[in-house]
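Notes for the one structure printed next.
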Ligand SMILES: [Zn+2]
């Protein structure tokens, strides 16, 4: 399967649409004093197709670092994550700050694991994966102190039997796939089959939320071995992969490349 075909299918790219409230978003408090992101001003949706082939949405969400101002900025560009619920029995839709922070933390963990595995960073891996003799293998998530058992004599014991004692790479891969699978399940990723005229039937994953779409994009980036980079002009994250955008590419789009070129010309004169 060529990458182009594959990524076209991501989250049913041609079918998945999402909306941003034209009036924007703001924080408020719930009756239980929790921070909630709500729509504000003119409540009318602007629909858009997330640009799956270029923009690295998961990195934009990671960049918020769970910071309330950065979350509002993200929402003003891309909308709610899709965890919206009716708040306090009123007619207002909102999303808890914890849901946003958990999503950003999840992306942080997965990209840390992915980066350590890709670049063979043994030091980082040894902080993430810990062996307790022959008893258990533990995962130590970056940025928190909540240890989690990956495999032990009573929990998923077969994994440990397959691994060489002290190995960090296989357990790290296992943790990474467990995490991303859990996140996709939480967003109820499902599948659809599409059979168009003059073509073979295609099986595709489908998301109904922006967050599900983001998990799918991240999973697919790992599947094809893509990387991501900041655009030198607009500073958005974009994807780079073999057969797609070449590794030397500095700008996310032709628009940004021309804008940078024009500015350079101006600076010369
Ligand atoms: Zn750009």
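In the numbering used here, the protein residues as written are 45 to 313.
Glycine included, each C-beta is placed from N, C-alpha and C at the ideal position.
For residue 221, name the three-state secondary structure that DSSP assigns. helix
Determine the DSSP secondary structure at residue 231, reduced to helix, strand or coil. coil
Quick check: what's the CA-CA separation for residue 107 versus residue 242? 42 Å
Opposite residue 76 in the DSSP bridges: which residues? For residue 76, which the question treats as bridged, DSSP gives no partner whatsoever.
Return the residue from the list 223, 171, 198 and 131 that minimises the CA-CA distance to residue 76. 131
Stretch pair the segment 209-218 + the segment 83-100: three plus CB contacts closer than 8 Å: no
Integer Cβ distance of residue 184 from residue 172, believed to fall under 8 Å: 6 Å
Let me know if residue 158 comes out buried or exposed under the rule of 16 or more other beta-carbons within 10 Å of its beta-carbon. buried
Could you check what DSSP says for residue 87 in three-state terms: helix, strand or coil? coil
So, with DSSP's three-state summary, where would you put residue 99? strand
According to the neighbour-count rule (16 or more other Cβ atoms, all chains shown, within 10 Å of its Cβ), is residue 233 buried or exposed? buried
Have a look at residue 126 and residue 279 and give me their C-alpha separation to the nearest angstrom. 25 Å
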